[in-house]
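What follows is one structure encoded as structure tokens, with my remarks underneath.
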Amino acid sequence: KAGVTQTPRYLIKTRGQQVTLSCSPISGHRSVSWYQQTPGQGLQFLFEYFSETQRNKGNFPGRFSGRQFSNSRSEMNVSTLELGDSALYLCASTPGGTDTQYFGPGTRLTVL
Amino acid sequence: KNQVEQSPQSLIILEGKNCTLQCNYTVSPFSNLRWYKQDTGRGPVSLTIMTFSENTKSNGRYTATLDADTKQSSLHITASQLSDSASYICVVSDAGNNRKLIWGLGTSLAVNP
């Protein structure tokens, strides 16, 4: 089975712009979670989607949003980018009946 | 506040040596505790998972222990290899909060030849 894929792998944006990141989960996995990882903060939970519905949400401002499609693929969007949004954004998918997460390689976002 | 604290923050060892990483948590009750390995530029990969009733779990040269009474876990790496150089992250699932995952900041391990 193919693993979790994320696109793009690297992205450079400027302040004020918006960005959309994509995640394709492992086939058959219906839950997708997003995390922001920075050196000082570790992994910070953004949100989780299951069957196209947001099931859990972390403590991030409304500039961060996401959605899930019927094929379980997910996107997250960050609007009005700030310098502090520079981070590695990780997507993880989870099979039913377990909460073990399988992570993708991440998207490295740099905001200039 | 539920927390997961890891020590040391970073560690350098020579190839072939053993090492032990520590994880202290305040999450209670908890569903399970996991150790993840994260290589530079990659996503985390699960190494072990332990429930409340388990004391030890092995995965090759990785052995995790859990003391639920003292709320401590350790990850022991035996006969380290250069490929063990990575960040090791402890994660506790909060049973009282919809199994929310509480992530530690990780220990950065460098194995030198």
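Taken in order, these protein sequences are the chains called D and S. The number in the working numbering is simply the position in the first sequence, starting from 1, with 46 added. The number in the working numbering is simply the position in the second sequence, starting from 1, with 12 added. We put the CB at the ideal spot given by N, CA and C, even for glycine.
| Asked | Found |
| --- | --- |
| Any C-beta of chain D sitting closer than 8 Å to the C-beta of residue 25 of chain S? | no |
| Work out the CA separation of residue 73 of chain D and residue 149 of chain D for me, nearest whole Å. | 13 Å |
| Between the segment 82 to 91 of chain S and the segment 121 to 131 of chain D, are three or more C-beta pairs nearer than 8 Å? | no |
| Counting Cβ pairs, one atom from each stretch, are 3 or more of them under 8 Å apart for the segment 88 to 107 of chain D and the segment 58 to 74 of chain D? | no |
| Mind checking residue 48 of chain D: buried by the 16 CB within 10 Å criterion, or exposed? | exposed |
| Jot down the residue ranges of each uninterrupted beta strand (DSSP E) in the segment 48 to 82 of chain D, minimum 3 residues, whole runs only, in chain order. | 51 to 53, 56 to 59 and 65 to 70 |
| At 8 Å on the CB atoms, spell out the chain S contacts of residue 88 of chain D, in chain order. | 101, 115, 116, 117 and 118 |
| Any idea what DSSP makes of residue 97 of chain S, helix, strand or coil? | coil |
| Does the segment 77 to 85 of chain D come close enough to the segment 24 to 37 of chain S to have 3 or more Cβ pairs within less than 8 Å? | no |
| Applying a beta-carbon distance threshold of less than 7 Å, which residues of chain D neighbour residue 105 of chain S? | 145 |
| Using only CA atoms, which one of S:75, S:31, S:107 and S:66 lies nearest to residue 58 of chain S? | S:75 |
| Hey, how far is the Cα of residue 142 of chain D from the Cα of residue 53 of chain S? | 27 Å |
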